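Respectively, the protein sequence lines represent chains A and B. Position one of the first sequence corresponds to residue 0 (numbering that gives the first Met the number 0), numbered consecutively onward. Position one of the second sequence corresponds to residue 0 (numbering that gives the first Met the number 0), numbered consecutively onward. Take a look at the structure set out below.
Protein chains: 2
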Amino acid sequence: MGIVERRERLKKQVRNDILQTARDIAREDGWQGVSIRKIADIIEYSPPIIYEYFDSKDKLLETIRVVGFDELRADFDRIKEIYRDPEKQLVEVAQSIWNFSVEQPEVFQVMFNQEGAFVHSKKVYQQEMDITDNPVWEMIARLRPKAGEKVSMTYYEWWCLTYGFISITMTTQPKHAIAKMETIYMEGVRRFIRSIM
Amino acid sequence: MGIVERRERLKKQVRNDILQTARDIAREDGWQGVSIRKIADIIEYSPPIIYEYFDSKDKLLETIRVVGFDELRADFDRIKEIYRDPEKQLVEVAQSIWNFSVEQPEVFQVMFNQEGAFVHSKKVYQQEMDITDNPVWEMIARLRPKAGEKVSMTYYEWWCLTYGFISITMTTQPKHAIAKMETIYMEGVRRFIRSIM
DNA sequence: CTTTTTTTCTAACGGCGTTTGGAAAGACTG
DNA sequence: CAGTCTTTCCAAACGCCGTTAGAAAAAAAG
Chain A
0 MGIVERRERL KKQVRNDILQ TARDIAREDG WQGVSIRKIA DIIEYSPPII YEYFDSKDKL
60 LETIRVVGFD ELRADFDRIK EIYRDPEKQL VEVAQSIWNF SVEQPEVFQV MFNQEGAFVH
120 SKKVYQQEMD ITDNPVWEMI ARLRPKAGEK VSMTYYEWWC LTYGFISITM TTQPKHAIAK
180 METIYMEGVR RFIRSIM
Chain B
0 MGIVERRERL KKQVRNDILQ TARDIAREDG WQGVSIRKIA DIIEYSPPII YEYFDSKDKL
60 LETIRVVGFD ELRADFDRIK EIYRDPEKQL VEVAQSIWNF SVEQPEVFQV MFNQEGAFVH
120 SKKVYQQEMD ITDNPVWEMI ARLRPKAGEK VSMTYYEWWC LTYGFISITM TTQPKHAIAK
180 METIYMEGVR RFIRSIM
């Protein structure tokens, strides 16, 4: 009997609908405008239903954050396989982050607690920045084989550069000007890479 | 008669109390925990009173942001007067930002819409980052007299570096580890300055 | 003391995240 | 089929929030 399966399929679908609706509202009105009640309204359920899928609004946002980081990391892994040269890899990674922030700014905001988005727990964030098993860390390590401990420092600075540039650009630049900033960003990235080689 | 004066003195005091109470709560419980009702409770007035001093919660936060930026800029101006060498000036400015973020993290959060703090209007933020009359811009221009348009680019990157580093550090590092990051930050700043000279 | 002005608060509105208790619907059993 | 059991779902409520209206209280002016 496929009843259980159908139920589970439905559950998964509703769960995804909740996440997607949250992102949709955030894209339209900002994260300040996202409320459990609005989400419930749009997916045509009552508010309590959402609590059958997520323990709290905070956990819901954290899930969006995790999905975002997963997507980014998958792209990094893909890049690592496609290109051999660590310099090229890093340039591609930088481009990948940029594209992500342009295509899914609202997810980027949740990932980095920006623009009114706020996830209480920092665990995922810290974990994701951690050097352990991080493809970007390995790329930098390969670029500076003799740097020893400095690799971790460079890795940290890499995040500061990319994150700082994108979040300042996202916050201060009007939408039409963002495209122009891409060149400046990529130039900065390239200069950074050259400076550590 | 000094009645009017006394009243105005009182008004100024209450206004400052409101701002300071907001910052106090934020420091203790984060900006998510700051509410008009809590502020009113602490200053021992009813909530509507706060609206005689600020049009909205958003405007209240914006005022805190403005005061923060003013304080920072005053320090930059002071540095510009004390030191002649633009390289030294920039190092001191970087140190000044760092100190500010350590001493008043909650204000820093409002200034840059971090960690749940959120001011709708971006006007102040954009204005403050603008190159016009900005002491940091002039320092960089003096450091790179022949750079032409690249000065503005470098200025932008300067903000990305300092802001990116501090906000990532503030968010990911536990309190006890932040002191250790200062050296790494200042090293990064120095390397940046040298790389543009 | 009375009137006028200023200051302040109570009460309410609509919205929020979240929980409770039970109704409605669906699936299984005899 | 009816009856029972299980799952799904929601109305209503709680205690918060920002904000506003209107009345009470206090202060000043006459």
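For glycine and all other residues, C-beta sits at the position ideal for the given N, C-alpha and C. As the structure is a computational prediction, the values presented were derived from the model and not from experiment.
Neighbour-count burial assignment, residue i, 16 or more Cβ in a 10 Å radius
i, result
"I81/A", "exposed"
"G147/B", "exposed"
"N98/B", "exposed"
"Q88/B", "buried"
"E102/A", "exposed"
"A21/A", "buried"
"T131/B", "exposed"
"R64/A", "buried"
"S100/B", "buried"
Candidates the options, of which the one nearest residue i by Cα
i, options, result
"L9/B", "T171/B, Y52/B, K79/B, K37/B", "Y52/B"
"P47/A", "D74/A, I35/A, I41/A", "I35/A"
"T168/B", "Q125/A, K149/A, E137/A, A21/A", "Q125/A"
"P104/B", "V13/B, M185/B, D28/B, R193/B", "D28/B"
"V33/B", "G115/B, F75/B, R77/B", "G115/B"
"F233/A", "E43/A, A140/A, A21/A, A93/A", "Past the edges of chain A, shown from 0 to 196, lies residue 233/A, and the structure says nothing about it."
"T161/B", "M196/B, T131/B, E181/B", "E181/B"
"Y155/A", "T153/B, E156/B, G163/B, M152/B", "G163/B"
"Y44/B", "V13/B, I63/B, R64/B, S55/B", "V13/B"
"V188/B", "Q108/B, E86/B, T170/B", "E86/B"
"S95/B", "R77/B, N112/B, Q108/B", "R77/B"
"T170/A", "V123/B, K174/B, K11/B, T171/B", "V123/B"
"A140/B", "Q113/B, G67/B, M196/B, Q108/B", "M196/B"
"G67/A", "K79/A, Q108/A, S55/A", "Q108/A"
Spatial distance of residue i from residue j (CA atoms)
i, j, result
"S197/A", "I183/B", "The requested residue 197/A does not occur in the structure, where chain A is confined to residues 0 to 196."
"M110/A", "E4/B", "50 Å"
"M0/B", "A25/B", "Residue placement at M0/B cannot be trusted, given a pLDDT of 44 that sits under 50; the coordinates are not used to answer."
"Q31/B", "V106/B", "14 Å"
"K121/A", "A178/B", "19 Å"
"R143/B", "V150/B", "7 Å"
"R83/A", "W158/A", "22 Å"
"L60/B", "I49/B", "13 Å"
"V118/A", "D57/A", "6 Å"
"E186/A", "V90/A", "10 Å"
"A176/B", "T153/A", "18 Å"
"K11/B", "T62/B", "14 Å"
"D54/A", "K79/B", "52 Å"
"R193/A", "N112/A", "30 Å"
"R190/A", "F191/B", "11 Å"
"K174/A", "D23/A", "18 Å"
"Q172/B", "Q172/A", "28 Å"
"K145/B", "E7/B", "52 Å"
For residue i, the three-state DSSP class (helix, strand or coil)
i, result
"Q88/B", "helix"
"Q103/B", "coil"
"Q172/B", "coil"
"S45/A", "coil"
"M0/A", "Any reading at M0/A is ruled out, since the residue's pLDDT is 44, under 50, leaving its predicted position unreliable."
Proximity test, residue i beta-carbon vs the ligand NAP heavy atom, cut-off 6 Å
i, result
"R26/A", "Ligands in the displayed structure: none, and consequently the ligand NAP is not present."
Evaluate the contact criterion for the segment 69-78 of chain A versus the segment 126-141 of chain A: three or more CB pairs, one atom per stretch, below 8 Å. yes
Tell me whether the segment 36-46 of chain A and the segment 10-18 of chain A touch, counting them as touching only if at least three CB pairs, one residue from each stretch, are closer than 8 Å. The segment 36-46 of chain A vs the segment 10-18 of chain A: in contact.
Three or more C-beta pairs closer than 8 Å, one from the segment 130-146 of chain A and one from the segment 134-152 of chain B: is that the case here? no
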